[in-house]
Each structure stands twice: as C-alpha cells, then as structure tokens.
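For reference, the structure discussed in these notes is given below.
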Amino acid sequence: MNEQMDDELDFATRCIHAGVEPDLETGAVKRPLVMANSYQAPFDFRTDPNAKMRFGYAREHHPNGYWLEQRLAAMEEGEACVVTASGVAAINGTLFSLLSRGDHVVASATVYVAVRDVLLNHFPQRFGIDSTLVDTADAEAVRRAITPRTKLIHIETPGNPTTRISDIAAIARIASEAGIPLMVDSTWAGPALQHPLKLGATLVAHSLSKYINGHGDAIGGCVIGPSEIIERIRRFAIVDLGSCISPFNAWQIMRGSATLPLRMEKHCANALKVAQFLESHPKVAWVRYPGLASHPQHAIAVKQMDGFSGMLNFDIKGDPARRPDFLRKLKVFTHATCLGHDESLIMVYEWDDEKFFRVSVGIESADDLIADLGQALDAV
Ligand SMILES: Cc1ncc(COP(=O)(O)O)c(C=O)c1O
Numbered sequence: 004m005n006e007q008m009d010d011e012l013d014f015a016t017r018c019i020h021a022g023v024e025p026d027l028e029t030g031a032v033k034r035p036l037v038m039a040n041s042y043q044a045p046f047d048f049r050t051d052p053n054a055k056m057r058f059g060y061a062r063e064h065h066p067n068g069y070w071l072e073q074r075l076a077a078m079e080e081g082e083a084c085v086v087t088a089s090g091v092a093a094i095n096g097t098l099f100s101l102l103s104r105g106d107h108v109v110a111s112a113t114v115y116v117a118v119r120d121v122l123l124n125h126f127p128q129r130f131g132i133d134s135t136l137v138d139t140a141d142a143e144a145v146r147r148a149i150t151p152r153t154k155l156i157h158i159e160t161p162g163n164p165t166t167r168i169s170d171i172a173a174i175a176r177i178a179s180e181a182g183i184p185l186m187v188d189s190t191w192a193g194p195a196l197q198h199p200l201k202l203g204a205t206l207v208a209h210s211l212s213k214y215i216n217g218h219g220d221a222i223g224g225c226v227i228g229p230s231e232i233i234e235r236i237r238r239f240a241i242v243d244l245g246s247c248i249s250p251f252n253a254w255q256i257m258r259g260s261a262t263l264p265l266r267m268e269k270h271c272a273n274a275l276k277v278a279q280f281l282e283s284h285p286k287v288a289w290v291r292y293p294g295l296a297s298h299p300q301h302a303i304a305v306k307q308m309d310g311f312s313g314m315l316n317f318d319i320k321g322d323p324a325r326r327p328d329f330l331r332k333l334k335v336f337t338h339a340t341c342l343g344h345d346e347s348l349i350m351v352y353e354w355d356d357e358k359f360f361r362v363s364v365g366i367e368s369a370d371d372l373i374a375d376l377g378q379a380l381d382a383v
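Heads up, the sequence shown is in the numbering used here, so the first residue is 4 and it goes up one at a time.
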C-alpha cells in the first residue's frame with residue numbers, strides 16, 4: 004500500500020493493506036517469510052551516502068519486522084514503530100532506553116508484573132532510578148507523584164489483572180503541562196478500541212502476543228510514537244540488548260492482525276453478554292467489566308474506548324475452596340494464562356489481597372460460553 008494513502012483509509016482497510024505490497028520477484032500478494040539473518044551489503048555502503056542498505060543483520064532489523072512495523076504504525080496512526088521480542092521487551096526496553104541514573108518514573112500500580120519488578124526492584128537497587136506507583140484511575144494522583152526528576156509517566160489501561168481504567172486524555176494533559184512523555188500500555192484494548200496517541204500520549208505500547216496476533220501462537224511487542232524516540236529505543240533495546248522479534252513471529256502476527264477489527268467486535272459482544280449473564284446469576288458474588296454500568300470507571304471507559312474488549316473479572320459466592328471445583332467443571336473455557344486468543348481463557352488472579360477469576364472472553368458462540376459457565380456454576 005502506498006504509505007501516503009495510510010491516513011485516508013479507514014482502520015479496517017489499514018489493518019489489511021498497511022505494510023503489504025505484491026512481492027517484486029514472484030508477484031505473491033502476501034509478504035514472504037524471510038528467515039535470512041544476513042543481507043548482501045553494497046561495497047561502498049560505509050562511504051557512499053547514496054548507497055542504500057535497508058537491512059544488514061537480522062538482529063538489528065529484518066523485512067518481516069519492518070513490514071509489521073509499517074502495519075502497526077498505520078493502525079495507531081503514529082509516526083514510527085519498533086517491534087520487539089515480547090510486550091515486556093517493548094516496555095522494559097523503552098524504560099532502559101530512555102531513563103538514566105537519578106531519573107524518576109510515575110507508573111500505574113497495576114503495571115504488568117515484569118515491568119513492576121524492573122521499576123520497584125532492579126531500577127532502584129541496581130541503576131539508581133526511582134519510581135512511584137499510584138492508582139492512575141485517579142489522574143490527580145499522577146500530578147501529585149511528579150517530581151522535578153520525573154522523566155516518564157507509564158500507565159496501563161485497562162489494567163491487568165483488574166480491568167482498572169485510567170483517563171488517558173486527563174493524564175496526557177498533566178504530562179504535557181509538566182513536559183514529561185506519557186507511555187500507555189494499551190494491550191488490553193488494542194488499536195481497534197483505544198487510541199492513546201490521539202488522546203495526547205507520546206508513546207503507545209502493545210504486547211502483540213494478545214489481541215493483535217489474536218490466535219495465541221506468537222510472542223511479540225511494539226512501541227509506536229515519534230521517530231526520534233522510536234529510533235533511540237531501536238538502537239538500545241534492539242541493536243544493543245538484542246531483544247529483536249523473530250521473522251516467523253513477525254510474519255505470524257502480521258497475518259493475525261489483519262482480522263483485528265472483526266475479532267474485536269466479537270470479543271466485545273461476547274464479553275458483554277457473558278458479563279451480563281454472570282451479573283444476574285445468584286451464585287456470582289460480583290462482576291467487573293468496563294462495559295457494565297457497575298464498573299468503577301465505566302464513565303471513563305465510555306469516554307475513551309470504542310468498545311470494552313474481552314477481559315473481565317468475577318468471583319463466586321461462598322467458600323473460596325470451590326474455585327478449583329468450578330474451574331474443573333468448565334468444558335469450553337481453558338484454564339490457562341494469557342489473553343486475547345480466539346479461545347476463551349480463565350484463571351484465578353490475586354490483586355490487593357483480593358482473589359478472583361480473570362476471564363479472556365474469546366470469539367466462540369456466546370451461547371456456548373454462557374451455557375458452559377452456567378453448568379459449572381450449577382455444579383458448585
Ligand atoms: C497489559 C500487558 N502488558 C504487557 C504484557 C506482557 O506481554 P508479553 O507476554 O508479550 O511480554 C502483558 C501480558 O499479559 C499484559 O497483559
């Protein structure tokens with residue numbers, strides 16, 4: 004697709020056409036999988052500024068990574084994108100690329116567990132970088148946590164595992180007044196439902212292992228934003244630390260991403276039906292889904308999301324020891340971690356001393372999902 008056309012095309016069209024051109028050699032209408040790790044170099048590439056060498060060594064960049072970056076940048080309407088080995092490599096790679104000794108970070112209390120470990124343990128103890136983790140559902144808590152040393156604000160919304168929602172536009176205003184870049188981990192919504200860059204964020208990060216790939220069969224991550232920052236991340240996190248995505252994973256994620264808008268419609272519709280069913284069930288203690296009026300940040304979700312995604316929490320009434328019995332009775336839901344797959348997944352998570360089921364509602368028939376939960380609830 005002609006890159007200048009990107010902005011004029013609707014989201015669904017960009018998801019299919021961005022990053023794709025027929026293969027020059029074979030005419031194939033899909034991008035090939037290029038597993039080569041080394042690329043022929045023009046003899047004069049070090050001295051002749053006109054000699055183009057797009058790829059040299061695949062740890063630094065490769066065609067499948069490049070094509071996926073074109074697609075993801077077009078999906079988020081960002082200037083540039085870098086893809087990484089995982090979502091954690093994208094976020095922690097950004098932290099390591101942009102921060103130095105003496106800096107301070109403000110982040111959501113619910114940041115992904117491996118990011119939290121870097122912020123709360125590795126950074127202060129080994130690198131002299133401090134963090135303040137706050138409940139970013141309260142935007143003013145972010146303002147209060149900023150110090151003269153704050154160099155980055157990082158929020159995750161919806162937050163894992165709680166579905167907590169933070170007001171991206173409000174936090175972006177606070178960040179911009181303080182002259183601090185804002186990064187948003189938008190994994191739980193994905194680019195079909197939430198647009199952090201349009202709401203004023205500087206960077207948007209995704210785990211591609213979730214909704215964007217959508218089929219639970221690849222690991223990857225990305226960061227999208229201004230070229231100057233993305234190139235700094237590429238030089239440090241990819242070239243120096245080596246957290247490159249494999250060409251195969253990039254190819255797989257490129258294929259999965261084409262159907263993101265269709266899949267997200269079904270995830271959202273199914274999750275709402277499942278949430279409503281659970282909320283009306285006498286054996287269910289509580290349900291948390293951003294699309295329900297009962298969700299504590301429902302109003303913010305309505306304001307900033309084009310759909311409420313497929314993630315929800317709930318718990319059953321009575322003895323907590325019955326949770327494994329309930330899980331054992333399920334036939335359609337798989338007891339497994341991860342999220343954003345075609346199949347529905349469920350696991351018990353803990354947050355702030357509260358234990359609950361975290362559900363990734365898949366794209367099966369909603370009737371089958373509800374019947375499965377219903378028979379398992381009847382049995383406990
Ligand atoms: C919100 C969020 N961010 C980041 C990650 C990490 O992604 P990956 O497993 O691709 O490293 C996850 C994984 O569950 C996640 O839920």
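Beta carbons are placed, not taken as given, at the ideal position from N, Cα and C, and that holds for glycine. Remember, predicted model here, so these are calculated numbers, not experimental data.
Same chain only: Cβ atoms within 7 Å of residue i, ignoring 5 sequence neighbours per side
| i | result |
| --- | --- |
| His64 | Phe58 |
| Asn5 | Caution applies to Asn5, whose pLDDT of 49 falls short of 50 and renders its modelled position unreliable; the value that the coordinates give is listed next. Contacts found: none. |
| Gly325 | The question names Gly, but residue 325 in the sequence shown is Arg. Contacts found: Ile319 and Val383. |
| Ile303 | Ile168 and Asp170 |
Cβ shell of residue i (< 6 Å), same chain only, five flanking positions each side left out
| i | result |
| --- | --- |
| Ala221 | Asn252, Gln255 and Ile256 |
| Lys213 | Thr190, Leu342 and Gly343 |
| Leu330 | His338 |
| His218 | Gly259 and Asp345 |
| Glu82 | Pro229 and Ser230 |
| Pro199 | Ile171, Val187, Ser189 and Val207 |
| Asp328 | Val383 |
| Asp133 | His107 and Pro127 |
| Pro66 | Val37 |
| Lys334 | Asp375 |
| Gly22 | Trp70, Gln73 and Arg74 |
| Ile183 | Thr153 and Ile156 |
Proximity winner among the options, relative to residue i (alpha-carbon distances)
| i | options | result |
| --- | --- | --- |
| Phe311 | His218, Leu330 and His298 | His298 |
| Trp289 | Lys358, Leu348 and Glu268 | Lys358 |
| Pro229 | His344, Ile132, Ala77 and Gly343 | Ala77 |
| Thr113 | Glu79, Gly105, Arg167 and Gly224 | Arg167 |
| Ile349 | Arg62, Asp356 and Leu372 | Leu372 |
| His88 | Ala324, Asp318, Leu71 and Glu80 | The residue you asked about is not His; residue 88 is Ala in the sequence shown. Taking only the C-alpha atoms, the option nearest Ala88 is Leu71. |
| Ile227 | Arg238, Val207 and Phe239 | Val207 |
| Val187 | Ala195, Glu180 and Leu202 | Leu202 |
| Val385 | Gly81, Arg235 and Pro323 | Outside the displayed range of the chain (4 to 383) lies residue 385, so it cannot be described from this structure. |
| Ala110 | Arg291, Glu79, Arg146 and Val85 | Arg146 |
| Asp375 | Thr50, Ala175, Phe280 and Lys33 | Phe280 |
| Ala61 | Asn53, Val86, Glu80 and Asp47 | Val86 |
| Ala274 | Arg291, Pro285 and His284 | Arg291 |
| Ala165 | Gly377, Glu353 and Asp370 | A small correction: the amino acid at residue 165 is Thr; Ala does not occupy that position in the sequence shown. Considering only alpha carbons, the answer is Glu353. |
| Gly223 | Ala93, Ala31 and Pro161 | Ala93 |
| Thr340 | Asp13, Lys332, Val351 and Lys334 | Val351 |
| Pro161 | Phe336, Gly294 and Gly96 | Gly294 |
| Asp381 | Leu315, Pro285 and Asp356 | Pro285 |
| Gln197 | Ala175, Ser283 and Glu79 | Glu79 |
| Ala15 | Lys154, Gly68 and Ala261 | Ala261 |
| His90 | Asn124, Ala31 and Glu159 | Reading off the sequence, residue 90 comes out as Gly, not His. Considering only alpha carbons, the answer is Glu159. |
| Thr135 | Ile156, Tyr115 and Val116 | Ile156 |
Cutoff 8 Å; reference residue i; Cβ partners in own chain excluding five residues on either side
| i | result |
| --- | --- |
| Gly131 | Arg104 and Gly105 |
| Ala39 | Ala61 and His65 |
One or two residues paired with residue i in a DSSP bridge
| i | result |
| --- | --- |
| Asp318 | Trp289 |
| Leu348 | Thr337 and Ser363 |
| Ser41 | Tyr60 |
| Ile373 | In the DSSP output, where bridge partners are listed per residue, Ile373 has none listed. |
| Lys358 | Glu353 |
| Glu159 | Asp188 |
| Thr87 | Gly224 |
| Leu136 | Ala110 |
| Thr153 | His107 |
| Ala208 | Asp188 and Val226 |
Problem - Nearest-residue set for ligand 1, Cβ under 6 Å from any heavy atom - result: Every residue whose Cβ sits closer than 6 Å to any heavy atom of ligand 1 is listed here in chain order: Ser89, Gly90, Val91, Tyr115, Glu159, Asn163, Asp188, Thr190, Trp191, Ser210, Ser212, Ile222 and Gly224.
Problem - Cβ contact (3+ pairs, closer than 8 Å) linking the region 344–356 and the region 364–376 - result: The region 344–356, when compared against the region 364–376, does touch it at the 8 Å Cβ threshold.
Practice task
Inspect the CB distances between the region 240–247 and the region 91–108 and report whether three or more fall short of 8 Å.
Solution key: Cβ pair count under 8 Å is three or more, so yes.
Problem - Three CB pairs or more closer than 8 Å across the region 74–90 and the region 33–48 - result: Not touching, per the Cβ criterion.
Handout entry: Contact the region 263–282 vs the region 114–131: 3+ CB pairs below 8 Å
Key = No, the region 263–282 is not in contact with the region 114–131.
Practice task
May I ask you to verify whether the region 162–176 touches the region 138–145, counting CB pairs closer than 8 Å and requiring at least 3?
Solution key: By the criterion of at least three beta-carbon pairs nearer than 8 Å, the region 162–176 is in contact with the region 138–145.
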